[in-house]
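One structure below.
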Amino acid sequence: MEYNFREIEQKWQQKWVEEKTYQVAEDKSKPKFYVLNMFPYPSGAGLHVGHPLGYIASDIYARFKRLQGYNVLNPMGYDAYGLPAEQYAIQTGQHPEKTTFQNIDRYREQLDKIGFCFDWDREVRTCAPGYYKWTQWAFQKMFGSFFSKSPLPTSPKGEESHAAGKARPIEELVDFFEQKGTEGLEDFGVAQTENLMFTAEEWNSWDEKKKSDVLMNYRIAFMGETMVNWCAGLGTVLANDEVVDGVSVRGGFPVEQKKMRQWCLRVSAYAQRLLDGLDTIEWSDSIKETQKNWIGRSEGTEVQFKIASPLPTSPKGEESHAACSSTENLTANNPDGNHSPLGETEGASFTIFTTRADTMFGVTFMVLAPESELVEKVTTAEQKAAVEEYIKYVKGRTERERMIDHKVTGVFSGSYAINPFTGEKNPIWISEYVLAGYGTGAIMAVPAHDSRDYAFAKHFGLPIIPLIEGADVSEESYDAKEGIVCNSPRKDVKPYIDFSLNGLTVKEAIAATKKYVKEAGIGRVKVNYRLRDAIFSRQRYWGEPFPVYYKNGIPTMIPEECLPIELPEVDKFLPTETGEPPLGNATVWAWDEVNKKIVENKKIDNKTVFPIELYTMPGFAGSSAYYLRYMDPHNDQALVSKDADEYWQNVDLYVGGSEHATGHLIYSRFWNKFLFDLGVSCKEEPFQKLINQGMIQGRSNFVYRIKDTNTFVTLEKKDQYDVTPIHVDVNIVSADVLDVEAFKAWRPEYNTAEFILNDEGKYVCGWAVEKMSKSMFNVVNPDMIVEKFGADTLRLYEMFLGPVEQSKPWDTNGIDGCHRFLKKLWKFMTSPLPTSPKGEESHAACSSTDNQTANNPDGNHSPLGETVGASKEELKALHTLIKKETADIEAFSYNTTIAAFMVCLNELTKLKSESREVKETLAILLAPFCPHLAEEFWHLLGHTTTVCDAPWPAFNEDYLKEDSVKMMVAFNGKARFPLEFPADVTKEDAEKAALENPQSAKWMEGFTVAKVIVVPGKMINVVLKK
RNA sequence: GCGCUUGUGGCGGAAUUGGUAGACGCGCCAGACUUAGGAUCUGGUAUCUCCGAUGUGCAGGUUCGAGUCCUGUCAGGCGCACCA
90 MEYNFREIEQ KWQQKWVEEK TYQVAEDKSK PKFYVLNMFP YPSGAGLHVG HPLGYIASDI
150 YARFKRLQGY NVLNPMGYDA YGLPAEQYAI QTGQHPEKTT FQNIDRYREQ LDKIGFCFDW
210 DREVRTCAPG YYKWTQWAFQ KMFGSFFSKS PLPTSPKGEE SHAAGKARPI EELVDFFEQK
270 GTEGLEDFGV AQTENLMFTA EEWNSWDEKK KSDVLMNYRI AFMGETMVNW CAGLGTVLAN
330 DEVVDGVSVR GGFPVEQKKM RQWCLRVSAY AQRLLDGLDT IEWSDSIKET QKNWIGRSEG
390 TEVQFKIASP LPTSPKGEES HAACSSTENL TANNPDGNHS PLGETEGASF TIFTTRADTM
450 FGVTFMVLAP ESELVEKVTT AEQKAAVEEY IKYVKGRTER ERMIDHKVTG VFSGSYAINP
510 FTGEKNPIWI SEYVLAGYGT GAIMAVPAHD SRDYAFAKHF GLPIIPLIEG ADVSEESYDA
570 KEGIVCNSPR KDVKPYIDFS LNGLTVKEAI AATKKYVKEA GIGRVKVNYR LRDAIFSRQR
630 YWGEPFPVYY KNGIPTMIPE ECLPIELPEV DKFLPTETGE PPLGNATVWA WDEVNKKIVE
690 NKKIDNKTVF PIELYTMPGF AGSSAYYLRY MDPHNDQALV SKDADEYWQN VDLYVGGSEH
750 ATGHLIYSRF WNKFLFDLGV SCKEEPFQKL INQGMIQGRS NFVYRIKDTN TFVTLEKKDQ
810 YDVTPIHVDV NIVSADVLDV EAFKAWRPEY NTAEFILNDE GKYVCGWAVE KMSKSMFNVV
870 NPDMIVEKFG ADTLRLYEMF LGPVEQSKPW DTNGIDGCHR FLKKLWKFMT SPLPTSPKGE
930 ESHAACSSTD NQTANNPDGN HSPLGETVGA SKEELKALHT LIKKETADIE AFSYNTTIAA
990 FMVCLNELTK LKSESREVKE TLAILLAPFC PHLAEEFWHL LGHTTTVCDA PWPAFNEDYL
1050 KEDSVKMMVA FNGKARFPLE FPADVTKEDA EKAALENPQS AKWMEGFTVA KVIVVPGKMI
1110 NVVLKK
């Protein structure tokens, strides 16, 4: 009987569908386990061998957990909205839904061939109205919420407040404004875009529009005017993680900074909780570090500096310098001082953020970001032209240019700021090296201890004052945060204030300065985060529409009971002629407030019928809470029912690529924390354990064309010519040798090309390991492997390749080894062959063999030889595997599990094992890796139920116990020869035996024994001395 | 520049708390069976000056003993990158 994988796999895949083997329901009698894969974007290229790697790894774990008695949820779905389908639609006119569904069908077909235990009844598609209803719903909830560290006086009493703050209904904030305006609001740590100030009277006097605008400053989902990444090539804005090296990740179009009105999510409000949560989850250090980096918490100090020069509106520029001296009466301790030179009393100072408060005495200049609103205020008349020219230069530089060359540029504003610690007037410069979006958009420059300030000071000839004992700043700045502070204040200068940091360590000096700044009322301790609010709107068609209409300019939520608001039909997917997003092409896209339905645009009267939002949501919207939806995918009353959420809790094991570290994995954590605050999700972190599967790289092949000719040279000779490498399809190269005719057929433009072959008459290709992608022509399709070797071999091989988390090149060389193993296993499990002519009858034999014993090797063997009890050796081999596999699957060390399986099989084959116990156990142990074959074995052993529900074999230590142990005898740590001992040998006996052994004499000659170290069961090390 | 991570045969990779380095597989070599072999089976396979010595990127250290721990250093991969 041959191992006919095609027949077996087809049979079981069909059976699993028929018997709904993988359907799962809440079952309170069993512990739950939730396994999740990052759902795929169904691209037109289909799956390649890299995709299933993570799916197989999680499938094995899911099956293993099920065998251990868990109720396992292992769902799958599609991240179906996205740019490629839309770009394709623009080019071909095909509706993106059509191509998306085609791609989904293709994916499904490919996935089905690999034998995953997905519960397809729970499939979700982000583009399905029943799904995105809840995306829209969550957005509306965010719109209706604000975030504060502690409850407002207007919040309901007795609520449990999260240490780092939580989302609360916006109505609480409105009540607060009605009573107090913004007075005292800062005490509650309300997350906001800008620090607005208004009174209750002002608030109450404002109209709806104004109130709406003000509330946008606080809402978690809000409309904001922000600098966005505008991608003209795609006609849309992009999130930071969708832009790499100044170009779009999708399509590679240039991206520029532009100020636009966009929907945003106040992710920054959750910065601290996103950071804190990392300590509670089992993710790799590298992903946690990446997220910490992205969140970018930095604890520092905000310090106010007063501006010491007249405003540019002062009549004569010439006088501005003279004015400097007249401001010396403004001291740090005199906030009520006469501000007259500055015209207005407000705005006469500005705030900077620093983490190096200890360096206050080394400030020699100040720098503002070019985009800072302060620039206008501090620019003097005489510097106006220079500043304007500089701003123009900065605006002309793209994000990319700024990223690539960090050249030192800047311009003097003409104004000075008074250092509150030294009283010195520090010139205020404007430079692109200071970012508007971080801190306050203004810094104090300490060139001695900051390399960027140092470069700037050197370039513009500004003074550099070292503040740390022994720091040599003649060549470069001393950035380290360690050492003893000096020059603070300088000994030769009369102190300006009664404050000194000299002699303190940097750490102490920072603390002392913070204390002083607070007490003197010139600043405060501040924590800044790099994490920015997420831009949440896109000017595209193929995304979730916003459930928002514009009531006389006020963004208004469509009532919750009317959701979902379905994506309208359009006749083209491009922006309209007036530059509106594609939804501007829709003719039925207006909200009838009275009848609560979507109506034709022409009915818009701005009385009861209003225009609907034309933006759509970004890709991460639909992927942020999908894991909750899988728990209860058909519920149309709630995102997830309380029951389902409480049963499934959160994902126990999440498997996916590390490329989502700063995108999806931040957004979904944020989204889930918000839903947690709402009480929708009972767990604050969505993904308890995260495994990042490595990338399977492809082996790209190249041919070498001599430049400006139509001649190709083989690899060996390529260095003799000036050649251009050209990628070659992986399918027309075998063992590095190109099929020249196939190449010509593949690339007709080279039909007449000449190929210079090597001495053996072959064309040898060059190769490199690269990411698997269509454009490299190195994509290996899993279907081909399944066709040739079967899904079980593919599964086994992908796991045998190496640790799951490690990237590795795809190489088909080893696949034979895995296939061979399964064939050997087949032979072992199905031998001895049936004595009865018909295979069908063999099953009956199972029950009729009870009378046969282990001591009856001559017994009548039924197909799977279940007549014989297992011998001691067999049980030892088997239980070694049970132990190893159980521990290794838990540790995701699948490659070593497979190795152990191979060892066990070799052992059992040698022992000619025919025991039913052994074979049944092997079938179960095989089930996570090769489910088809395991089912077949299970079935051949006479079982009628699925192997998925078999009990995981219990490991019995007794079978591993040996009567004797082998111990290595070593001299000075060098192993020399092994000795056998009874298992219970004492240290003394072992030592004695080792020293007395004749072999030892050779090694001990000329030495005396200094001591002997006996490691029980392992080794006897004799330490020798001359 | 900062952070994370990885360096072991011809190749992919194994090595609980430090305790026989190279499991398992590929490849290669030899043999068996064959009309045949890209089938199957058996044996071998780190290196060298081969009764011995040397070997886990490199240089030190701790230890009776180091792939494993410590210090420094080099190289590759990934992430962040003017974040004050």
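Residues in the first sequence are numbered from 90 upward in steps of one, following this note's numbering.
Quick reminder that beta carbons are idealized off the backbone N, C-alpha and C, glycines included.
Under a Cβ-count criterion, where at least 16 other Cβ atoms within 10 Å of its own Cβ denotes burial, should residue i be classed as buried or exposed?
i    : result
I97  : buried
R152 : buried
S294 : exposed
N418 : For N418, the predicted structure reports a pLDDT of 33, less than 50, and the residue's modelled location is therefore unreliable. The matter cannot be settled from this model.
P555 : buried
M231 : buried
G879 : buried
G528 : buried
Going along the chain, which residues of its own chain have a beta-carbon closer than 7 angstroms to the beta-carbon of residue i, five neighbours each way excluded?
i     : result
P401  : Here the model assigns P401 a pLDDT of 46, short of 50, so the residue's position is not dependable, and the following value carries that caveat. Here the set comprises T468, T469, A470 and K473.
E1009 : L1030
G233  : P258 and I259
V535  : R445, T448, G451, V452 and D542
For my contact list, residue i and residue j are in at a C-beta cut-off of 8 angstroms; report their separation, rounded to the angstrom.
i     : j     : result
Q786  : K860  : 6 angstroms
V822  : N790  : 5 angstroms
A1137 : L125  : No answer is possible for residue 1137: the residues shown for the chain start at 90 and end at 1115.
N695  : V677  : Their Cβ separation, rounded to whole angstroms, is 17 angstroms, which puts N695 and V677 out of contact at 8 angstroms.
D1052 : A1072 : 6 angstroms
Y704  : P670  : 6 angstroms
W631  : E175  : 4 angstroms
P141  : E876  : Not quite, the Cβ-Cβ distance comes to about 15 angstroms (not below 8 angstroms), so this is no contact.
I519  : V500  : 5 angstroms
Three-state secondary structure (DSSP) at residue i?
i     : result
K121  : strand
V534  : The displayed chain sequence assigns Ala, not Val, to residue 534. Here A534 sits in strand by DSSP.
L87   : The question about residue 87 has no answer, for the chain in this structure spans 90 to 1115.
H753  : helix
G1141 : Outside the shown range of the chain, which is 90 to 1115, sits residue 1141, and nothing can be said about it.
H816  : strand
I971  : helix
Y639  : strand
S387  : strand
L1181 : The question about residue 1181 has no answer here: the residues shown for the chain are numbered 90 through 1115.
D1071 : As written in the sequence, residue 1071 is Pro, which differs from the Asp given in the question. Looking at P1071 - three-state DSSP - the assignment turns out to be strand.
V1112 : strand
G903  : helix
K691  : helix
M286  : coil
G366  : helix
Using a Cβ-Cβ cutoff of less than 6 angstroms, which residues in the same chain neighbour residue i once the five nearest sequence positions on both sides are dropped?
i     : result
Y585  : T511 and G512
K778  : E371 and L742
T998  : F917
P1105 : none
A1099 : V1112 and K1114
On the DSSP letters alone, give me the boundaries of the beta strand (DSSP E) that residue i sits inside.
i    : result
G313 : A310 to C320
A506 : V500 to I507
W856 : G855 to K860
L327 : T325 to L327
P700 : V698 to P700
S237 : S234 to S237
Using a Cβ-Cβ cut-off of 8 angstroms (strictly less than) and excluding sequence neighbours within five positions of residue i, which residues of its own chain qualify?
i    : result
D734 : L717, M720, D721, V769, S770 and C771
Return the first residue and the last residue of the alpha helix (DSSP H) that residue i is part of.
i    : result
F878 : P871 to F878
G485 : K473 to G485
V868 : Neither: V868 is in no alpha helix (DSSP H) and is coded neither H nor E.
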